[in-house]
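**Q** Following my numbering, the numbering of the sequence shown begins with 5 at its first residue and continues without gaps.
Heads up, the beta-carbon is just placed ideally off N, CA and C, and yes, glycines get one too.
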Amino acid sequence: MLDLDRWEEILATLRGNKVRTVLTALGVFWGLFMLTLMLGFGSGLEEGVRQNMRGLAANSFFIWGQRTSKPYAGLQAGRPIDFDNGDLEAVRRLPGIRYFAPRNQLGGWRSGATVVHGTEAGSFSVMGDFPAIQYISPVEMVAGRFLNQLDIDERRKVAVIGRRVYETLFPGGQSAIGERIRIRGIDFSVVGVFDTLQQGGHAERKLSTVFVPFTTFQRVFGIGEKVGWFSVAARDDVDVEALEEAVRDLLKQRHKVAPDDEDAIGSWNAGREFGRIRGLFRGIRLFIWVVGLITLLAGVIGVSNIMLIVVKERTREIGIRKAVGATVASIVGLVVQESVVLTTLAGCLGLLAG
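(1) Going by C-alpha distance, which of 125, 80, 150 and 218 is nearest residue 171?
(2) Output the residue ranges of the beta strand (DSSP E) runs that lie fully inside the stretch 64 to 93 and measure 3 residues or longer, sorted by chain position.
(3) Between the Cα of residue 87 and the Cα atoms of 288, 234, 198 and 279, which residue gives the shortest distance?
(4) Closest to residue 229 by CA distance: which of 286, 148, 65 and 108 is it?
(5) By the three-class DSSP mapping on this structure, what secondary structure does residue 47 have?
(6) Would you report the Cα separation of residue 141 and residue 237, rounded to the nearest angstrom?
(7) Could you round the C-beta distance between residue 197 and residue 146 to whole angstroms and report it? I think they count as a contact, below 8 Å.
(8) Can you tell me whether residue 49 is buried or exposed? The criterion is at least 16 other CB atoms within 10 Å of its CB, across all chains shown.
(9) Could you tell me which residues DSSP pairs with residue 121 in its beta bridges?
(10) Relative to the C-alpha of residue 64, which residue among 296, 106 and 299 is closest?
(11) Would you tell me roughly how many angstroms separate the C-alpha atoms of residue 246 and residue 280, rounded to the nearest one?
(12) According to DSSP, simplified to helix, strand and coil, what is residue 347?
(13) For residue 221, report the span of its alpha helix (DSSP H) as first-last.
(14) What does the alpha-carbon distance come out to for the pair residue 291 and residue 262?
(15) Should residue 121 and residue 190 be called a contact, given that it needs their Cβ atoms to be closer than 9 Å?
(16) Run through DSSP, which three-state label would residue 231 get?
(17) Do you know how far the Cα of residue 288 is from the Cα of residue 34?
(18) Assuming residue 211 contacts residue 168 (C-beta within less than 8 Å), just tell me the rounded distance between them.
(19) What number of angstroms, rounded off, separates the C-alpha of residue 77 from the C-alpha of residue 260?
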């Protein structure tokens, strides 16, 4: 049964010394406020990174040629390593690969090619790709379709454009499917428009991309059998880092690179990066909990100290209560109840503010 007299007494005691009550509650309020705020910040940061990495398969890696740093087999250091279709076929035969997508690009990482539609034009990244890239670095189709195997086999002059490309070349909002765009004097028919699954700078770059069939890219842009880099996704039962090393070793053998030359062939392993990010955020979460709980503990200790002072100040009152028949349990219960009420109110306010 609710004891209204006791609650009125508790509230009267808390109102009796407002400054002390506020200062006591402030420690608990601040502890929970900071804990909630830091947990929210950590979760938001983690979600932002996860969204930025969303457009990559966790078991994928990328490999490209660089320059040798050591002489080997009578060849000088400093040789550029350029991949070709022979490397493509050799890597494809390795066991453990689920998806394999060799890639080419017009221009460099930050540059692009002029793409024209009617009187509209813009500079965009143009990629020569296989359909498998959709499983390694997926995009969301909003109109039409992505590249397919017939496009590769028949070297079709078709293109899949990003949303930024569409907005630039088709400002009137008309359908782009079936329309022709021109890249370096070559006409391509648009078969699809895509949006990205990522966020941030990577998303903007991808939205400003045009995908064309890999085989068509090699033929119409005069690069012969050159391959820019490889995108690979491992099977679920395969160690992605072991597969990455197997691909690197194979390419080193084919291009006569010293086995201990780590500079000749570059790579980036999405699985390894995902692991590092997960470890980083586990550490951040642990740090946040430790700091938050220490802050909260300091607030609770503050409440305990204040309650101790309150008990000393109320020694005469406690003596009178005992004289008129109050039990020790009822007196202790009253003090504890005052502490619980104050802590609960301050904690709820801290959670709401956080």
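**A** Concretely, from the data shown:
(1) For the purposes of this step, residue 171 is taken as residue 167 along the sequence shown, with counting starting at 1. If we check each option's Cα against that of residue 171, 125 comes out closest.
(2) You should have 64 to 69.
(3) As a working note, residue 87 is residue 83 in the sequence shown. Taking residue 87 as reference, the option from 288, 234, 198 and 279 with the minimal CA-CA separation is 234.
(4) As a position in the sequence shown, residue 229 is number 225, starting the count at 1. Out of 286, 148, 65 and 108, 108 has the C-alpha closest to the C-alpha of residue 229.
(5) Indexing the sequence shown from 1 puts residue 47 at position 43. Residue 47 falls in the helix class under three-state DSSP.
(6) Position 137 of the sequence shown holds residue 141. Position 233 of the sequence shown holds residue 237. Between residue 141 and residue 237, the C-alpha separation is close to 10 Å.
(7) Mapped onto the sequence shown, residue 197 falls at position 193. Mapped onto the sequence shown, residue 146 falls at position 142. So it is a contact: roughly 5 Å between Cβ atoms.
(8) Here the question's residue 49 lines up with position 45 in the sequence shown. Per the 10 Å Cβ criterion, exposed.
(9) Taking the first residue of the sequence shown as 1, we reach residue 121 at position 117. In DSSP, residue 121 forms a bridge with 124.
(10) Within the sequence shown, the letter at position 60 stands for residue 64. With distances taken between Cα atoms, residue 64 lies closest to 106.
(11) For the purposes of this step, residue 246 is taken as residue 242 along the sequence shown, with counting starting at 1. For the purposes of this step, residue 280 is taken as residue 276 along the sequence shown, with counting starting at 1. About 17 Å.
(12) Position 343 of the sequence shown, counted from the first residue, corresponds to residue 347. Three-state DSSP puts residue 347 in a helix.
(13) Against the sequence shown, residue 221 aligns to sequence position 217. That run of the alpha helix (DSSP H) goes 218 to 224.
(14) Counting from one through the sequence shown, the residue named residue 291 turns up at place 287. Counting from one through the sequence shown, the residue named residue 262 turns up at place 258. C-alpha separation (whole angstroms): 44 Å.
(15) Indexing the sequence shown from 1 puts residue 121 at position 117. Indexing the sequence shown from 1 puts residue 190 at position 186. Taking C-beta atoms as the reference points, residue 121 and residue 190 fail to come closer than 9 Å.
(16) Taking the first residue of the sequence shown as 1, we reach residue 231 at position 227. Correct three-state label for residue 231: strand.
(17) Within the sequence shown, numbered from 1, the residue matching residue 34 stands at position 30. Within the sequence shown, numbered from 1, the residue matching residue 288 stands at position 284. Between residue 34 and residue 288, the C-alpha separation is close to 20 Å.
(18) To locate residue 211, count along the sequence shown from 1; it is residue 207. To locate residue 168, count along the sequence shown from 1; it is residue 164. 4 Å between Cβ atoms; contact.
(19) Working through the sequence shown from its first residue, we reach residue 77 at position 73. Working through the sequence shown from its first residue, we reach residue 260 at position 256. Their backbone Cα atoms lie some 7 Å apart in a straight line.
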